[in-house]
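Residue numbers (the working numbering): 85 to 560. Where a beta carbon is used, it is the ideal one built from N, C-alpha and C, also for glycine. Every value quoted in this text rests on a predicted model; they were computed, and no experiment measured them. What follows is a set of notes on a single structure, which appears directly below.
Right, dumping it as structure tokens:
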């Protein structure tokens, strides 16, 4: 069972890791698609700004009327529906040309705007991408401003060329990319400014998350060009696996976040299915184990019964000759290992038993044998004492850790118990069934084998018979 659980656990762990890797790779592919689309369009827009700067510096530009200049400067603008305005700002920050019509021409000074001051202060800046800006230019969403530096012939600062790009461009781009349940796609700067988020939330656009602890914890990952990390969203509290890719040569980063629940939905189904199968398998194993245990105990009980039957005399219920021989051998073995111990043997023989059988029949004889056996067994009080039928009407008793005085006491108690049965025996001089008993205790100076002790008890029994029966005689 443990091996099955270990194998299933290992398979589930590997499946979990494979699911995570596959989800990361799929999300990475989506971010790369979005990153390449953004990068390609930014290159086109950057070239458009270069073209605008080149045409603005052309001598022809200054000889044209205002309408002609607008066509000359802006007719080559890329056909991107989300470009709100293109313009040229002078070194003082005031507009010199704009793609807007005359009625909507803006005239204020923009010298304090980051997209202007950045180029004024850094000649080698290249393309500048501003943070999201709320502007009333007829656009649907906030804008970002893309700007590049204008230079005079001597290299000094001469203003900027710029274009305003509606953030609906990024929303439409992300909307065309499939996201899973509770999936999100975002465009952030590496400082934590939100440019776009899908599903779209207007309140989030332009917010700065760089100061939050959540963003600070994940910022360490942004040193790489692309990567992934696990985090809980600050907006909706959903834990997601985020994958990101940086847009080359910009501060922008594309994020795709897939919810854990969506990523591992099928894995959890497999997990619960496996748990169910394991639980069912465990129940089956438990039932089988219980049945096997019952069978084992029943078999053990039967074996114990068979062993007991093999060691028991069927008529009297005492140990049989084979069992008592084993116990006598064990007692002799303990004597060899522990010489300080000792034991005694009683040989019991029913007096005039053949005459009893001839007079009353074998059935009555069997009853008399059982009565004598019960008397012998009833007189034994310790678990170390054993009574057995030795053969015919002979019985033997093994008394462990007993001296001769104790053995004489037990023998007399057995003889008295047989007398108390008062089994009539009319052909016996004593009138009732009696027994003669021979007793022998271990003598280390005389006995070299267990047979020596048995023979000594047998000789003592013979002397009891010779002395008139119904008595106990101890070996010399």
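Out of 267, 287, 505, the CA that lies nearest to the CA of residue 111 is found in 267. Residue pairing by DSSP places residue 145 in no beta bridge whatsoever. For residue 342, the three-state secondary structure derived from DSSP is strand. When the five nearest sequence neighbours on each side are left out, the beta carbons in the same chain lying within less than 6 angstroms of the beta carbon of residue 517 are those of 452, 507, 509, in order along the chain.
For residue 242 and residue 106, the gap between their C-alpha atoms comes out near 52 angstroms.
For residue 266, DSSP records no beta bridge to any residue. Put simply, the backbone Cα of residue 389 is about 43 angstroms away from that of residue 360. When DSSP assignments are scanned along the segment 327 to 393, the uninterrupted stretches of alpha helix (DSSP H) that are 4 or more residues long and fall wholly within it turn out to be 344 to 347. With fewer than 16 other Cβ atoms from the protein chains shown falling within 10 Å of its own Cβ, residue 208 counts as exposed. Non-local beta-carbon contacts of residue 212 in its own chain, meaning distances under 6 angstroms to residues more than five positions away in sequence, involve 199, 202, 231 in chain order. In terms of Cβ geometry, residue 459 and residue 505 form a close pair [threshold 8 angstroms].
Look at residue 507 here: in three-state DSSP terms it is coil, with no helix or strand label.
Residue 349 has its alpha-carbon roughly 11 angstroms from the corresponding atom of residue 100. Around the beta-carbon of residue 265, fewer than 16 other beta-carbon atoms lie within 10 Å, marking it exposed. Only buried fits residue 119, as 16 or more other CB atoms lie within 10 angstroms of its CB. Contact between the segment 388 to 407 and the segment 437 to 454 is present: 3 or more CB-CB pairs across the two stretches fall below 8 angstroms. DSSP places residue 400 outside any beta strand (DSSP E), giving it a letter other than H or E. Counting the other CB atoms within 10 Å of its CB gives residue 166 a total of 16 or more, which places it among the buried residues.
A distance below 8 angstroms separates the beta carbons of residue 272 and residue 278. Listed in chain order, the non-local C-beta contacts of residue 531 below 8 angstroms within the same chain comprise 537, 540, local neighbours out to five positions each way being set aside. Counting only runs of at least 4 residues, the segment 276 to 329 fully encloses the following alpha helix (DSSP H) elements, listed from N- to C-terminal order: 297 to 302. In the three-state reduction of the DSSP assignment, residue 553 falls in the coil class. The residues 403, 404, 406, 407, in chain order, have a CB closer than 7 angstroms to that of residue 395 in the same chain once the five nearest residues on each side in sequence are set aside. Residue 158 is positioned such that its CB atom lies no closer than 8 angstroms to that of residue 148. Exclusion of the five residues before and after residue 547 leaves 557 as the residues of its chain whose Cβ lies within less than 6 angstroms of its Cβ. In this chain, the beta strand (DSSP E) harbouring residue 248 covers 241 to 250.
The beta carbons of residue 435 and residue 554 sit closer together than 8 angstroms. Under the 8 angstroms Cβ criterion, the segment 406 to 422 counts as touching the segment 466 to 473, having at least three qualifying pairs.
If you compare the alpha carbons of 98, 445, 354, 321 with that of residue 342, the shortest gap goes to 321. DSSP, read as helix, strand or coil, puts residue 129 in helix. Within the same chain, and ignoring the five residues on either side of residue 450 in sequence, the residues whose Cβ sits closer than 7 angstroms to its Cβ are 399.
For the segment 418 to 442, the full-length beta strand (DSSP E) segments reaching 3 residues or more read 427 to 434 along the chain.
DSSP links residue 475 through a beta bridge to 478. Here residue 198 carries a helix assignment [DSSP, helix/strand/coil]. Going by beta carbons, residue 495 and residue 523 fall inside the 8 angstroms limit. Contact check for residue 303 against residue 280 fails: the beta carbons are separated by 8 angstroms or more.
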